[in-house]
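Presented below is the structure to which this report refers.
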Ligand code: PA5
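In my numbering, the protein residues as written are 2 to 430.
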């Protein structure tokens, strides 16, 4: 398996007796497979990586490569599940300061006039194209930004604006689909049975990834490997379900309120954002669930680290650690040694970061009495990232069903929208 799930820093009292949950987990697994649980019409992601047509992947790569040749910037316009997966993946795989010829920037995820005008101003200097992504086709943040982007495209490129737009939306429904049909934009379909936060495996994630020069076939391959590895209803041997059960147990039996999801690389902070959406939006219903929050270490050890170590014992940690970083730097000997760092000469930053990880685990677990779950990946590449996402999506479905909530809807999100529409004077509100 590409991911090691570790419970060595959990504490014996926090580890459930897996045998006791054998039947429960097996019956939820059966329910998932038979698509008979709550929200079962949104389980399309389970088999999508297996059934996705090679011709679709080829078409995405072809179009993305044309874009890479013609343009220097792609604006991904979407919010929530319509952009978090692509941003997380591109940051994780290309890094935060990528020198790739295609820059990827994001709009449609905010109504802040400062942010939106900054991006629009910046686009004056760029040869840009747009990938607009919305399943419903009616999300305000995305629609408003897309309208502004179209204005900018028309102003800069006249009638060529249509050729610079790729849309990803529902096959038949929504305002964006209508516009695609009227305007003839290049478009891909987000299948009706896959919700936004489970959609990174579809063109929602795949087109931006391909435009960023990432191997989407390797990404899908990783998803398929995870699909095979975790297609097993036995809690004794399925680490994906073990992770879900341990979270559930810590929350319902041990009364922890927060799962702090931590990474040791800033380029993985986007994965934390994606992870938070996946679990918080899937599980936070009916007054239930853990709150998932996140830290990027070692940065946050100098802020939230104090709370984790000595504050209110409301949280446990889940650490995502990648053993071998894509780059490394060795500390050189300095003859003056004024900074006193020669004890680190010849050591790599990855070695030092790893000692920070191990030292923190020990400090939080042994001294701070904070349970830790460790998730270890050998390296970060497209295949391993696809694998990791699938692992989390499957764990999330199990975890939400253990809580007896629908993992695939988000009724609470509608409440602010209704109020906002009312305040804005939208018809019918
Ligand atoms: O996970 C989800 O379903 C949501 O986060 C949606 O992705 C988000 O609200 C954006 O919706 P849409 O793609 O319809 O614009």
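Backbone N, C-alpha and C fix where the C-beta goes; we use that ideal spot for every residue, glycine too.
Under 8 Å between the Cβ atoms of residue 216 and residue 191? Cβ atoms of residue 216 and residue 191: not closer than 8 Å.
Report task. Evaluate residue 399 with the Cβ neighbour count: other Cβ atoms within 10 Å of its Cβ, from every protein chain shown; 16 or more gives buried, anything less gives exposed. Result -> Residue 399 comes out buried.
Cβ of residue 146 versus every heavy atom of the ligand PA5: is any distance shorter than 7 Å? For the ligand PA5, not one heavy atom lies less than 7 Å from the Cβ of residue 146.
Discussion item. How far does the beta strand (DSSP E) with residue 62 in it extend, from its first residue to its last?
Written reply: Residue 62 -> not in any beta strand (DSSP E); alpha helix (DSSP H) instead, spanning 55–71.
- Message: In the DSSP assignment, the beta strand (DSSP E) including residue 130 goes from what residue to what residue?
- Response: Counting along the chain, the beta strand (DSSP E) containing residue 130 begins and ends at 129–135.
Helix, strand or coil for residue 32 per DSSP? Residue 32 falls in the helix class under three-state DSSP.
query: What did DSSP end up calling residue 468 once you bin it into helix, strand or coil?
result: Residue 468 lies beyond the range of the chain shown here (2 to 430); nothing can be said about it.
Less than 8 Å between the CB atoms is what I'm expecting for residue 251 and residue 317, so what's the real figure, rounded? Right, the Cβ-Cβ distance comes to about 5 Å (below 8 Å), so this counts as a contact.
Quick check on the burial criterion: 16 or more other C-beta atoms within 10 angstroms. Buried or exposed for residue 50? Buried: at least 16 other Cβ atoms inside 10 Å.
Self-check item: Residue span of the alpha helix (DSSP H) that contains residue 92, given as start and end
Solution: Unbroken alpha helix (DSSP H) run through residue 92: 85–95.
Just reading off the alpha helix (DSSP H) that residue 308 is part of, what are its end residues? Segment 305–311, the alpha helix (DSSP H) holding residue 308.
* To do: Please report the residue range of the beta strand (DSSP E) in which residue 379 lies.
  => Looking at the DSSP string, the run of the beta strand (DSSP E) that includes residue 379 is 373–380.
Fill in: Per-residue burial, residue 63 [other beta carbons within 10 Å of its own, 16 or more giving buried]
A residue is called buried once 16 or more other Cβ atoms fall within 10 Å of its Cβ, and residue 63, having fewer, is exposed.
Quiz item: Does the ligand PA5 have a heavy atom nearer than 7 Å to the CB of residue 40?
Solution: Because no heavy atom of the ligand PA5 lies under 7 Å away, the Cβ of residue 40 does not count as near it: no.
*If we call anything under 8 Å between Cβ atoms a contact, is residue 43 one with residue 194?*
In contact: residue 43 and residue 194 (Cβ atoms closer than 8 Å).
Is it the case that the Cβ atoms of residue 69 and residue 102 are separated by a distance below 8 Å?
Taking 8 Å as the Cβ cut-off, residue 69 and residue 102 qualify as a contacting pair.
Inset, instruction - Taking residue 200 and residue 360 to be in contact with their CB atoms under 8 Å, please state how far apart those CB atoms are, rounded to whole angstroms. - result: Incorrect: roughly 38 Å between the Cβ atoms, too far for contact.
Limits of the alpha helix (DSSP H) - the one that residue 220 falls within = That run of the alpha helix (DSSP H) goes 217–230.
Self-check item: Host beta strand (DSSP E) of residue 188 (start-end)
Solution: Per DSSP, residue 188 is one residue of the beta strand (DSSP E) stretching across 187–190.
Closer than 7 Å: is that where the CB of residue 136 sits relative to any heavy atom of the ligand PA5? Flag set: Cβ of residue 136 near the ligand PA5.
What residue range does the alpha helix (DSSP H) around residue 142 cover? That run of the alpha helix (DSSP H) goes 141–158.
* Once you ignore the five residues that flank residue 155 on each side, which residues in its own chain have a CB closer than 6 Å to its CB? -> The beta carbon of residue 155 lies closer than 6 Å to those of 162 in the same chain, with the five residues before and after it left out.
Report task. Would you list the one or two residues that DSSP bridges to residue 319? Result -> Residue pairing of residue 319 in beta bridges, as defined by DSSP: 262, 374.
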